[in-house]
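Using our numbering, the letters of the sequence shown map in sequence onto residues 43 to 431. Where a beta carbon is used, it is the ideal one built from N, C-alpha and C, also for glycine. One structure below.
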Amino acid sequence: MAIPSIDQIKQDPYASLGVRKFINATCHHTIIGGTLIPEVSLDAMRSAAAFHVDMMELERAAGRVIAHYTHAEDGYVTSGCAAAMLVGTAAILTGTDIARMYRLPDTTGMKSLCIAKRFPRKKSPEGVEYADPGYAMAVQTAGVKFVEVGDGSVVTRAQYEAAFSDEVALVYWVGYGPKGDLPVKEVISIAHAHHVPVLIDCSNYLPPKESLYRFIDQGADLVCFSGGKGIQGPQGSGILAGRADLIKAVSMQTAPEHGIGRVCKVSKEEIVGLISSLMWWAEQDDEERMLEQHGKARRLADLARAIPGASTEVADFDSSQRPFPTVHFKAPAARKMNAQALLTELRAGDPPIAAMNHPSDPMAIRLDVRLCSDQEIEAIARRLAEIAR
């Protein structure tokens, strides 16, 4: 394929590069490009791109905005939620000790254990069983070793208490865990009784708006958010909110400094875009937003229910009990199509459509159309009807 011209890229970057544009029925999945940035944030990013600034001064200013909306002492814009988890963990390990910063991920002589709920076990193609930390790999990258608690589904207070020792540096916890997790407030209370800070992974838990400040209000030391999901900031951005001393330690080992966070550089355009989206999103009415999003889900469900033999329902919450309205769809029984076949067929269409597996039903798919236009919702329904014939 010929290399496109600048004018072609400006007019339609994806088509000119031979890249397909998807209808995104996953809402915010990273593999489909995350979210859609609102015009107010795009305008702010264009304005930011026209000037030079002191990046540390910009980060401090952005931190004040983050602190306002999260009820934290301070905040920091990072290059995604995983970056927030990495540099947040690093800050807990080192404090403001520069010598320690420049040793990471070597944690010799430091407290370096991290308590976390037991991770899933998987097997490699060679048959070797391993623990899959998933997103918590970002925490491990800073140099910690995990102390896992529970059996993978249930964690008791006694198991959690027994995990603490003099070598524990922090607790990693997912904000809204599945049933069986200890309540976050209880986790924080126990950790603080042992003088151990808690880092909360709250990547994709916006909405509700309350998630911005709920965990800080309950005493969390650091909370990590994705910037490119619910609040519709740049996909490569993230938010770290929490204690001022830890945010200071973060700033000492991220760009333009040369600590472990140097690889997590964030641009002036992303910082401005992120805080613009945060302000735009936080000032919206949660109830009105949810009514609109539920309306989109019901619209797709109504169209899909017209497909003979298909099964369609709307769930108000997802498998993690987040208020994300999703449509659950099964092809007619006569088609004998499982979820994987449905997902493959949706991606094979023109335009391709990205959807999700159902957490417990291998025959059903989930469609989250919160960011879809009316035309895209109609296109999804047409494609489902074609597949179901």
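Check, Outcome
"For the stretch 199 to 218 against the stretch 130 to 139, are there 3 or more C-beta pairs whose distance is under 8 Å?", "yes"
"Is it the case that the stretch 304 to 321 contacts the stretch 332 to 341, given that we only count it when at least three CB pairs across the two stretches are under 8 Å?", "no"
"Is the Cβ-Cβ distance between S279 and G272 less than 8 Å?", "no"
"Would L59 be called buried (16 or more neighbouring beta carbons within 10 Å of its own) or exposed?", "exposed"
"On the three-pair Cβ rule with 8 Å, is the stretch 409 to 428 touching the stretch 359 to 376?", "yes"
"Any chance you could list the alpha helix (DSSP H) runs of at least 4 consecutive residues sitting entirely within the stretch 72 to 113, in chain order?", "81 to 90, 97 to 112"
"Is it a yes or a no for the stretch 348 to 356 touching the stretch 367 to 381, going by three-plus beta-carbon pairs under 8 Å?", "yes"
"Tell me whether the beta-carbon of A262 lies closer than 8 Å to the beta-carbon of V240.", "yes"
"In this structure, does DSSP put T150 in helix, strand or coil?", "coil"
"If you run the structure through DSSP and keep just helix, strand and coil, what is G176?", "helix"
"Does DSSP classify C123 as helix, strand or coil?", "helix"
"From what residue to what residue does the beta strand (DSSP E) around E209 run?", "It is not in any beta strand (DSSP E) - E209 carries neither H nor E in the DSSP assignment."
"In angstroms, rounded to a whole number, what distance separates the CA positions of H113 and R106?", "10 Å"
"Starting from F267, trace the beta strand (DSSP E) both ways and give me its first and last residue.", "264 to 268"
"Return the first residue and the last residue of the beta strand (DSSP E) that T68 is part of.", "Here T68 belongs to no beta strand (DSSP E), and DSSP marks it neither H nor E."
"What whole-angstrom Cβ distance do I302 and L146 have, given they're in contact under 8 Å?", "5 Å"
"Three-state secondary structure (DSSP) at S166?", "coil"
"With a threshold of 6 Å on Cβ separation, who are the neighbours of A104 within its own chain once the five nearest residues in sequence on each side are excluded?", "V119, I313, I317"
"Checking 8 Å against the spacing of the C-beta atoms, do C306 and S121 come in under that value?", "yes"
"Could you pull out every residue in the same chain whose Cβ sits closer than 7 Å to the Cβ of L384, ignoring the five residues on either side in sequence?", "A373, I407, I429"
"When DSSP labels each residue in this structure, what does F371 get in the three-state scheme?", "strand"
"Buried or exposed for M98, going by 16 or more other Cβ atoms inside 10 Å?", "exposed"
"With a 10 Å radius around its C-beta and 16 neighbouring C-beta atoms as the bar for buried, classify K310 as buried or exposed.", "buried"
"Rounded to the nearest angstrom, what separates S195 and D223 at their Cα positions?", "7 Å"
"Determine the DSSP secondary structure at V305, reduced to helix, strand or coil.", "helix"
"Return yes when the Cβ of A158 is within less than 8 Å of the Cβ of E190, no when it is not.", "yes"
"Could you check what DSSP says for S353 in three-state terms: helix, strand or coil?", "strand"
"What would DSSP say about D243, mapped onto helix, strand or coil?", "strand"
"Return the chain-ordered list of same chain residues with a C-beta closer than 7 Å to the C-beta of T68, the five sequence neighbours on each side being excluded.", "I74, A396, A397, M398, D410"
"Between S415, A343, E299, K165, which lies nearest to M143 when the distance is taken from Cα to Cα?", "E299"
"In the structure shown, what three-state DSSP assignment does I395 receive?", "strand"
"In the structure shown, what three-state DSSP assignment does D49 receive?", "helix"
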